[in-house]
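Asker: Dropping the structure in here first, questions after.
2 protein chains.
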Amino acid sequence: MAVTSKLINKGTRNLPKLSDAELKALDHIRKKGPLSRTSIAKLLGISRASITTIVGNLVDADVLIEVGHGKSGGGRRPQLLDVNPEMGFVAGIDLGATSVDLALADFRGDILTQKSFTADVRSEPKILLEKINAIILDMLAERSADASSLLGFGMGVPGPVQFDTGLLIQPPLMPDWEGYPIKQFIRQQFPNTLPAIDNDVNIMAIGEARFGGGIGMDNFMYVKIGTGIGCGIISKGEIYRGSDGCAGDIGHICVDYNGPVCHCGNKGCLEFMAAGPAIAQRGILAARNGESEKLEERVRAKGSQFNSKDIGELAAAGDRVANQIIYESGRMIGGVLAGLVNFYNPEAIFIGGGVSKIGHQFLSTIRQATLKRATALSTRSLSIDYSKLGDDAGVHGALWLALDNVFAPSSN
Amino acid sequence: MAVTSKLINKGTRNLPKLSDAELKALDHIRKKGPLSRTSIAKLLGISRASITTIVGNLVDADVLIEVGHGKSGGGRRPQLLDVNPEMGFVAGIDLGATSVDLALADFRGDILTQKSFTADVRSEPKILLEKINAIILDMLAERSADASSLLGFGMGVPGPVQFDTGLLIQPPLMPDWEGYPIKQFIRQQFPNTLPAIDNDVNIMAIGEARFGGGIGMDNFMYVKIGTGIGCGIISKGEIYRGSDGCAGDIGHICVDYNGPVCHCGNKGCLEFMAAGPAIAQRGILAARNGESEKLEERVRAKGSQFNSKDIGELAAAGDRVANQIIYESGRMIGGVLAGLVNFYNPEAIFIGGGVSKIGHQFLSTIRQATLKRATALSTRSLSIDYSKLGDDAGVHGALWLALDNVFAPSSN
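As structure tokens, this is what we get:
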């Protein structure tokens with residue numbers, strides 16, 4: 000199925016600049032699926048005449064198409080409008096510390112193909128980005144399309160990002176990427192694309208908001224527990240980045256003023272004491288101290304490959320020391336989340352990231368510690384659960400971000 | 000100067016229900032002062048024809064008036080529109096633990112008269128509200144107006160409020176107010192009013208956003224330090240209340256898991272360890288332990304009236320122990336704020352409340368502790384300073400809230 004983008008045939012680089020009212024109409028349609036002109040007018044609080052003009056412009060620009068009829072409210076059955084999925088392709092990429100997930104989707108963000116490969120994020124940016132470009136070209140070729148038909152590109156990276164420029168700022172996991180012009184590199188390969196780059200946990204929160212458990216929620220937190228601990232914040236239905244773009248950096252909240260010195264220079268940071276490496280490290284120490292035979296065996300067998308997953312497996316097999324380690328980590332995370340729940344009073348906390356899956360006991364400890372320590376009022380209707388999208392939250396969010404940037408480009 | 004409200008003459012109870020587009024136009028004019036039709040159209044991203052209709056409706060409803068001409072952009076000098084200040088009166092009330100501040104303002108929120116009286120918030124609601132009503136009637140009478148010309152009423156109270164209903168929920172400082180129908184009581188006296196009730200620190204944040212240091216800021220925190228410690232959150236330019244209306248309840252964030260038991264039942268809550276009563280208590284203990292002669296003298300002289308202000312005065316006079324007490328409290332508050340800065344990445348933190356004024360050393364300790372413990376990126380452009388409105392933040396915010404509710408009523 001080849002996509003025939005009228006836009007590309009017209010030789011334009013991307014969408015015409017849409018007016019505020021057009022963007023608002025489009026935003027409702029993107030989030031709420033096919034809608035009639037009357038429904039859109041109601042949502043925007045504008046007249047039927049105005050919406051006819053707005054929708055007319057969007058249909059002329061091929062952004063919207065008519066997709067059949069809805070239920071009648073008395074008279075004729077209303078025509079329904081939806082985003083034209085065949086305007087072009089978008090790519091969503093979730094760059095993890097040790098793996099890369101890629102998806103190619105249509106203009107509604109519906110995934111057409113998905114691929115993953117293992118990679119070390121500490122590699123040179125050029126090498127990793129070339130591999131990403133090659134895979135996207137392959138995915139396009141499978142659909143008889145070429146580089147020019149990619150109109151959107153969204154990527155999450157595990158480090159602090161200046162959102163407008165897409166530049167990483169002092170990323171601890173990937174120092175070689177500091178200031179690397181990712182957007183320009185992508186544009187060389189895909190000239191019709193305006194890339195958008197964001198922090199990985201922000202795209203996970205966006206994914207959860209648009210495609211997962213956060214659909215319809217105004218305010219929630221997405222907490223990723225992996226090598227580090229980070230949080231994506233949804234405020235009034237949209238991602239909240241803060242004034243310097245670094246909101247949600249909860250990994251360096253203090254849990255012990257007399258704790259060990261973190262790589263950031265402060266003492267007792269949450270991620271240094273409770274994320275994956277800390278869990279593994281506590282296991283190695285317990286093994287050395289002869290606290291658990293099974294733990295000793297596992298540490299010996301795995302050597303430098305020993306990690307938090309091993310602790311999870313041993314805990315599931317009933318090892319008391321492994322369970323205690325998970326409990327301690329969960330308690331520290333829950334303690335910090337309790338304070339944030341008092342402050343932010345979210346509807347839900349979604350937990351994701353590789354380390355979060357080391358066992359249901361981990362989730363239940365986090366939940367208990369949060370509920371125990373937060374105020375009664377702020378937890379009255381709070382749910383704390385795993386991400387509904389699991390490992391796919393990132394690519395879903397990256398696709399949505401890519402489309403956001405196609406429709407309403409930020410500075411590029 | 001008697002206000003002649005056409006609306007009241009027409010006998011309508013309050014404003015006609017405004018459409019979304021009318022509300023948005025009005026919102027820009029309220030926040031950005033007199034604006035031309037062209038400027039409003041630009042801000043809303045709509046056509047000149049649409050804005051002419053919208054503004055026409057608002058002028059017909061007496062909500063907007065023409066207030067002269069702006070600078071010419073080439074052709075004729077554009078007519079400027081502003082809110083009609085003479086539509087009626089609004090009252091703003093800031094109910095503190097020991098005093099009540101009241102202001103009467105016009106429809107732009109410009110204060111006409113201001114009064115204060117000392118009162119114990121633990122009194123019966125009926126007694127306190129009757130006194131508030133009487134003072135508002137006096138202030139109206141001074142302007143030759145009566146109860147019917149009060150169209151807006153906003154009040155901040157020192158406890159958790161369910162915003163839609165205006166009911167207090169388990170307020171620790173004022174248990175008699177739990178579930179008391181404040182709105183209905185006010186409406187009996189001022190039948191043309193739709194009252195709005197909010198938490199005191201929320202109205203202070205609103206005041207700071209509209210009239211103080213937060214003008215033009217997207218995201219900031221207003222922290223009130225008094226008998227308790229609370230925070231008002233501004234997100235994307237608007238007050239953020241959270242999913243249960245209790246966002247910003249930072250007084251019960253834990254600073255010491257092994258700390259003393261707070262009245263909420265948890266250990267080591269920030270406000271139990273660092274707010275006014277804790278500062279005073281630490282002073283009394285130090286006096287008992289003979290750590291400072293001056294402190295002993297002051298505690299003996301003041302008896303049960305000894306409070307955090309005394310510690311501030313002794314610190315200013317150079318008492319080492321008093322300074323140390325202020326330092327410890329500031330350090331705990333700054334430690335919690337550091338975590339919240341990592342999470343929320345605000346542009347600014349404004350500090351207010353009676354106890355915040357016990358000395359500049361207090362502010363500087365809070366500032367240092369916050370900057371030391373938060374990440375470098377999140378504090379790059381962070382300012383931490385006293386509220387620009389000081390004690391008036393509350394009444395200003397209450398007036399704005401009152402007007403918000405007049406123009407776009409919440410459920411009442």
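Quick mapping for you: the protein sequence lines, in order, are chains A and B.
So the first sequence is numbered by numbering that gives the first Met the number 0: it starts at 0 and just counts up by one.
So the second sequence is numbered by numbering that gives the first Met the number 0: it starts at 0 and just counts up by one.
Glycine is no exception: its CB is placed at the ideal position from the N, C-alpha and C atoms.
In this text the structure is predicted, and so the values were computed from the model without any measurement.
Return yes when the Cβ of residue 272 of chain B is within less than 8 Å of the Cβ of residue 254 of chain B, no when it is not.
Answerer: Yes. Within cutoff.
Asker: Beta-carbon separation of residue 206 of chain B and residue 399 of chain B under 8 Å?
Answerer: In contact: residue 206 of chain B and residue 399 of chain B (Cβ atoms closer than 8 Å).
Asker: Considering only residues of the same chain and omitting the five flanking positions on each side of residue 10 of chain A, which have a CB-CB separation below 7 Å?
Answerer: With a pLDDT of 37 at residue 10 of chain A, under the threshold of 50, the modelled position of this residue cannot be trusted; read the value that follows with caution. Hits under 7 Å: none found.
Asker: Please return the same chain residues whose Cβ sits closer than 6 Å to the Cβ of residue 152 of chain A, not counting the five positions on each side in sequence.
Answerer: For residue 152 of chain A, where only same-chain residues beyond five positions count, the Cβ hits under 6 Å are 90, 185, 192, 194, 401.
Asker: How would you list, in chain order, the residues of chain B whose beta-carbon sits under 8 Å from the beta-carbon of residue 342 of chain A?
Answerer: By Cβ distance, chain B contributes 230, 232, 246, 247, 248, 249, 252, 339, 342, 343.
Asker: Using a Cβ-Cβ distance cut-off of 8 Å, determine whether residue 346 of chain A contacts chain B.
Answerer: Yes, residue 346 of chain A lies at the interface with chain B (some Cβ there is under 8 Å from its Cβ).
Asker: In its own chain, which residues sit with a C-beta less than 6 Å from the C-beta of residue 24 of chain B, not counting the 5 before and 5 after it?
Answerer: Around residue 24 of chain B: 39, 53.
Asker: If you pair each beta-carbon of the stretch 155 to 166 of chain A with each one of the stretch 306 to 319 of chain A, do three or more pairs fall below 8 Å?
Answerer: Too few Cβ pairs lie closer than 8 Å, so no.
Asker: Show which residues of chain A have a CB atom less than 7 Å away from the CB atom of residue 265 of chain B.
Answerer: Result: 372.
Asker: Residue 257 of chain B: buried (16+ other C-beta within 10 angstroms of its C-beta) or exposed?
Answerer: The residue in question, residue 257 of chain B, is exposed, as its Cβ has fewer than 16 Cβ neighbours within 10 Å.
Asker: With C-beta atoms as the reference, is residue 358 of chain A less than 8 Å away from residue 325 of chain A?
Answerer: Closer than 8 Å, so yes.
Asker: Could you tell me which residues DSSP puts in a beta bridge with residue 70 of chain A?
Answerer: None; residue 70 of chain A has no bridge partner.
Asker: Between residue 326 of chain B and chain A, is the shortest Cβ-Cβ distance under 8 Å, so that the two count as touching?
Answerer: Chain A, which has no Cβ nearer than 8 Å to the Cβ of residue 326 of chain B, makes this no.
Asker: Relative to the C-alpha of residue 76 of chain A, which candidate in A/68, A/82, A/83 has its C-alpha closest?
Answerer: Cα-wise, what sits closest to residue 76 of chain A is A/68.
Asker: Closer than 7 Å by beta-carbon distance: list the chain A residues that pair up with residue 16 of chain B, in chain order.
Answerer: What residue 16 of chain B touches in chain A: nothing, since even the nearest Cβ is about 11 Å away.
Asker: For a quick check, are the C-beta atoms of residue 239 of chain B and residue 230 of chain B less than 8 Å apart?
Answerer: It is not a contact, given that the beta carbons lie outside the stated cut-off.
Asker: From residue 121 of chain A to residue 347 of chain B, what distance separates their C-alpha atoms?
Answerer: Approximately 35 Å between the Cα atoms of the pair.
Asker: Starting from residue 45 of chain B, find everything on chain A with Cβ-Cβ shorter than 9 Å and list it in chain order.
Answerer: What residue 45 of chain B touches in chain A: 18, 19, 20, 45, 49.
Asker: Once you ignore the five residues that flank residue 15 of chain B on each side, which residues in its own chain have a CB closer than 6 Å to its CB?
Answerer: Here the set comprises 60.
Asker: Could you check whether the Cβ of residue 379 of chain A sits closer than 8 Å to any Cβ belonging to chain B?
Answerer: Judged by the 8 Å Cβ criterion, residue 379 of chain A is in contact with chain B.
Asker: Suppose only complete runs of 4+ residues qualify. What are the alpha helix (DSSP H) ranges in the stretch 197 to 256 of chain B, listed by chain order?
Answerer: Qualifying alpha helix (DSSP H) stretches, in chain order: 199 to 210.
Asker: Which stretch, first to last residue, makes up the alpha helix (DSSP H) that contains residue 412 of chain B?
Answerer: Outside the shown range of chain B, which is 0 to 411, sits residue 412 of chain B, and nothing can be said about it.
Asker: Run through DSSP, which three-state label would residue 54 of chain A get?
Answerer: Here residue 54 of chain A sits in helix by DSSP.
Asker: Just the Cα atoms here: how many angstroms apart are residue 217 of chain B and residue 72 of chain A?
Answerer: Rounded to the nearest angstrom, the two C-alpha atoms are 41 Å apart.
Asker: Could you tell me how far apart the beta carbons of residue 146 of chain A and residue 139 of chain A are, in whole angstroms, since I believe they sit closer than 8 Å?
Answerer: So it is a contact: roughly 7 Å between Cβ atoms.
Asker: Give a single yes or no on whether residue 342 of chain B has its beta carbon closer than 7 Å to a heavy atom of the ligand FAD.
Answerer: Ligands are entirely absent from the displayed structure, and the ligand FAD is therefore not among its contents.
Asker: Between residue 320 of chain B and residue 355 of chain B, how many whole angstroms is the CB-CB distance? I'm expecting something under 8 Å.
Answerer: Wrong, their Cβ atoms sit about 21 Å apart, outside the cutoff.
Asker: Closer than 9 Å, Cβ to any Cβ of chain B: which residues of the stretch 163 to 175 of chain A, in chain order?
Answerer: Listed in sequence order: 168, 169.
Asker: Cα separation between residue 135 of chain B and residue 101 of chain B?
Answerer: Whole-angstrom Cα-Cα distance: 8 Å.
Asker: Check whether the Cβ atoms of residue 160 of chain A and residue 197 of chain A lie closer than 8 Å to each other.
Answerer: Yes, the pair counts as a contact, with Cβ atoms nearer than the cut-off.
Asker: Could you pull the start and end residues of the alpha helix (DSSP H) that residue 114 of chain B belongs to?
Answerer: Unbroken run through residue 114 of chain B is the beta strand (DSSP E), 110 to 117; no alpha helix (DSSP H).
Asker: In whole angstroms, what separates the C-alpha of residue 338 of chain B from that of residue 268 of chain B?
Answerer: C-alpha separation (whole angstroms): 15 Å.
Asker: By DSSP, does residue 161 of chain A sit in helix, in strand, or in coil?
Answerer: Here residue 161 of chain A sits in strand by DSSP.
Asker: What does the Cβ neighbour count give for residue 44 of chain A, buried or exposed, with the cut at 16 atoms within 10 Å?
Answerer: So residue 44 of chain A ends up on the exposed side.
Asker: Can you tell me where the alpha helix (DSSP H) with residue 394 of chain A in it begins and where it stops?
Answerer: Element bounds for residue 394 of chain A: 392 to 406.
Asker: Tell me the DSSP bridge mates of residue 343 of chain A?
Answerer: BP columns for residue 343 of chain A are empty, so no partner.
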